[in-house]
Amino acid sequence: MKKDDIITVRIEDFSSEGLGVGYMENTPGLSFADADSKTANTAAGRGPVLFVKDTIIGDVAEVKVMKMKKTYGYARLLRIITPSPDRIEAACPVARACGGCQIQEMKYEAQLRFKEQKVLANLQRIGGFADPPMEPIIGMSYPFRYRNKAQYPIDRDKNGRLIAGFYAGRTHTVIDCRDCLLGAKVNKTILDIVLNHMETYEIEPYDETTGKGLVRHVMIRVGKENASPGQIMVCIVINGSSLPESGRLVKALRAIPGMTCITLNINRERTNVIMGRQLKLLWGKEYIEDTIGNIRFCISPLSFYQVNPLQTEKLYAKALEYAELTGRETVWDLYCGIGTISLFLAQKARAVYGVEIIPDAIRDARRNAERNGITNAEFFAGKAEEVLPEKYEKDGICADVIVVDPPRRGCDMSVLNTMLKIAPKRIVYVSCDSATLARDLNYLCAGGYELKKVCPTEMFANSVHVETVCLLHKPF
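Heads up: the sequence shown runs through residues 1 to 476, numbered per the numbering used here.
In structure tokens:
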């Protein structure tokens, strides 16, 4: 197989990036593990793996090889020969071009089955758990309009027209899409107003290649309608210190019901990082409010906050269930962000200690605790791998329960070792990457813990990503 070959492939799985994983029709099937790690063994009778965008599991497709390595390659879809029984028409007209929804052309029930299988396969292959104690995945009743945050890059198309949308996969080419079906309906109204303002006052979008132009992104956050009610934040990221005629823009945006916070974010760096550190309030409050369960959170433009609040309640409820709190426990919450899980747990614990590396997030966590009248939660700014050992070894703060919700790379080894040293009765692990989760669970179980429960939870419908909550017990 070589570049420019046109071949027929059967799609067996998805890669971690949402690409279809296929093999030539005359070669044996491949496992997800082989395909995702690009370690297909041709000597063992397996053909090279091909990664094919815009395909789903079960498709038989004609593809053109675009790049070929020894054991894997990338191919472009030419046509679907036999569609998967789970293939459907995408609801969004730009689903293929946009990099956001990798598997929107797959029935939602099949998406959930795939995610369950993905977690199971990683626990078996990487974690070494022959029969993981899996619970059914917590799915969504409606897999659209769930994102409470969107960041739209601003650009001009080839005809010079101002556009807002999302980057095409693996590129910085903006796909025009003001009404993303994963986001709030009000987003389009906001973008229409901003782009109309730019056209009226001849304000140029930022050009990554030249570093010139003013408006880089428009970030929008929306609170749940039954909680805020429906508070809206608009943050315009600019390559400068001010926006021409900003008062007129504010007046237009204020007419939108629920508008609460309008800010400028200053980012003059030649970087792909969206947000700068400096904020200027144009109108309203410096934050919006939202709730998870009965805890109210204040969210600033720079705060990390789960983008799917309805499913977050289910995720945190499962974490709270697994923690088995009676009101007598000391709990550590590592990678705590603005205290979302911490404050949820504090309702049922004796004391909760949260750790987060971002000082602004810790400031927000403390304020959120104060606003909710929660006095049994304390927060520390720093690296979890440094704060936890220090508080344990120097201050003697132990734990009955430790909750971790690390970034995609998983827990730092020193965090895992300190948890084993502290030996809490229970560890609740919340993960956004089941591969690093499986690796860390293997290490913790080798250190004396037992994996008792695993529950995949849908947070990002129409993508290949899945959250997972696990419970580990320390047998005594």
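All C-beta atoms, glycine included, are put in the ideal place defined by N, C-alpha and C.
Since the model is a prediction, treat every value here as computed from it, not as a measurement.
Alpha-carbon to alpha-carbon, residue j and residue i
{"i": "M459", "j": "E467", "result": "6 Å"}
{"i": "P389", "j": "N417", "result": "9 Å"}
{"i": "R113", "j": "N372", "result": "38 Å"}
{"i": "C101", "j": "V186", "result": "20 Å"}
{"i": "V430", "j": "L253", "result": "38 Å"}
{"i": "E393", "j": "L444", "result": "20 Å"}
{"i": "L50", "j": "D59", "result": "13 Å"}
{"i": "V404", "j": "I103", "result": "29 Å"}
{"i": "T8", "j": "C336", "result": "47 Å"}
{"i": "A435", "j": "I57", "result": "20 Å"}
{"i": "R87", "j": "T326", "result": "47 Å"}
{"i": "N267", "j": "D360", "result": "18 Å"}
{"i": "Y167", "j": "R96", "result": "12 Å"}
{"i": "M106", "j": "D54", "result": "10 Å"}
{"i": "V464", "j": "M233", "result": "28 Å"}
{"i": "A461", "j": "F144", "result": "7 Å"}
{"i": "V194", "j": "P93", "result": "23 Å"}
{"i": "W283", "j": "I220", "result": "15 Å"}
{"i": "P301", "j": "H172", "result": "23 Å"}
{"i": "G223", "j": "V401", "result": "31 Å"}
{"i": "P406", "j": "L334", "result": "7 Å"}
{"i": "K452", "j": "M419", "result": "17 Å"}
{"i": "A377", "j": "V387", "result": "16 Å"}
{"i": "V355", "j": "A381", "result": "6 Å"}
{"i": "D155", "j": "S242", "result": "19 Å"}
{"i": "G18", "j": "R408", "result": "16 Å"}
{"i": "R296", "j": "V415", "result": "30 Å"}
Limits of the beta strand (DSSP E) - the one that residue i falls within
{"i": "E289", "result": "I288 to I292"}
{"i": "H465", "result": "Neither: H465 is in no beta strand (DSSP E) and is coded neither H nor E."}
{"i": "Q278", "result": "Q278 to G284"}
{"i": "G165", "result": "L162 to Y167"}
{"i": "I80", "result": "Y72 to T82"}
{"i": "G22", "result": "G20 to M24"}
{"i": "A381", "result": "A377 to A381"}
{"i": "P136", "result": "Where P136 is concerned, there is no enclosing beta strand (DSSP E), given that its DSSP letter is neither H nor E."}
{"i": "S434", "result": "Note, S434: premise wrong, no beta strand (DSSP E); alpha helix (DSSP H) at S434 to A446."}
{"i": "S141", "result": "Note, S141: premise wrong, no beta strand (DSSP E); not H, not E."}
{"i": "Y316", "result": "It is not in any beta strand (DSSP E) - Y316 instead sits in the alpha helix (DSSP H) that spans P309 to A323."}
{"i": "Q151", "result": "K149 to R156"}
{"i": "V174", "result": "V174 to D176"}
{"i": "L451", "result": "E450 to T457"}
{"i": "K64", "result": "V60 to M68"}
{"i": "F51", "result": "V49 to V52"}
{"i": "F297", "result": "I295 to I299"}
{"i": "E356", "result": "A351 to E356"}
{"i": "L214", "result": "Neither: L214 is in no beta strand (DSSP E) and is coded neither H nor E."}
Beta-carbon proximity check, residue i vs residue j, cutoff 8 Å
{"i": "F379", "j": "A365", "result": "yes"}
{"i": "A61", "j": "R79", "result": "yes"}
{"i": "G169", "j": "D176", "result": "no"}
{"i": "R367", "j": "G410", "result": "no"}
{"i": "L162", "j": "E202", "result": "no"}
{"i": "C298", "j": "N265", "result": "no"}
{"i": "T263", "j": "Q231", "result": "no"}
{"i": "I137", "j": "K118", "result": "no"}
{"i": "Y322", "j": "L441", "result": "no"}
{"i": "I397", "j": "Y353", "result": "yes"}
{"i": "Y74", "j": "M66", "result": "yes"}
{"i": "A399", "j": "I374", "result": "no"}
{"i": "K64", "j": "D4", "result": "yes"}
{"i": "E135", "j": "C432", "result": "no"}
{"i": "E324", "j": "R426", "result": "yes"}
Expected contact under 8 Å - CB spacing of residue i and residue j to nearest Å
{"i": "R350", "j": "E329", "result": "6 Å"}
{"i": "A319", "j": "V428", "result": "5 Å"}
{"i": "L181", "j": "A91", "result": "6 Å"}
{"i": "L249", "j": "V218", "result": "With a Cβ gap of about 11 Å, L249 and V218 do not count as contacting."}
{"i": "E313", "j": "G339", "result": "Not really, about 15 Å apart at Cβ, beyond 8 Å."}
Endpoints, alpha helix (DSSP H) assigned at residue i
{"i": "N265", "result": "Where N265 is concerned, there is no enclosing alpha helix (DSSP H), although the beta strand (DSSP E) it sits in stretches over M259 to I266."}
{"i": "T189", "result": "V186 to T200"}
{"i": "V94", "result": "Where V94 is concerned, there is no enclosing alpha helix (DSSP H), given that its DSSP letter is neither H nor E."}
{"i": "K421", "result": "M413 to I422"}
{"i": "G240", "result": "Looking at the DSSP string, G240 is not in any alpha helix (DSSP H), and its letter there is neither H nor E."}
{"i": "S15", "result": "Here S15 belongs to no alpha helix (DSSP H), and DSSP marks it neither H nor E."}
{"i": "E204", "result": "No alpha helix (DSSP H) contains E204, which DSSP labels as neither H nor E."}
{"i": "D364", "result": "P359 to R371"}
{"i": "S431", "result": "Unbroken run through S431 is the beta strand (DSSP E), R426 to S431; no alpha helix (DSSP H)."}
{"i": "I341", "result": "T340 to A346"}
{"i": "G247", "result": "S246 to R254"}
{"i": "V331", "result": "Not the alpha helix (DSSP H): V331 falls in the beta strand (DSSP E), residues T330 to L334."}
Does the structure place the stretch 322-340 close enough to the stretch 261-281 that three or more beta carbon pairs sit under 8 Å? Contact annotation: the stretch 261-281 does not touch the stretch 322-340, with fewer than three C-beta pairs closer than 8 Å.
Does the pairing of the stretch 238-245 with the stretch 207-225 give three or more beta-carbon distances under 8 Å? yes
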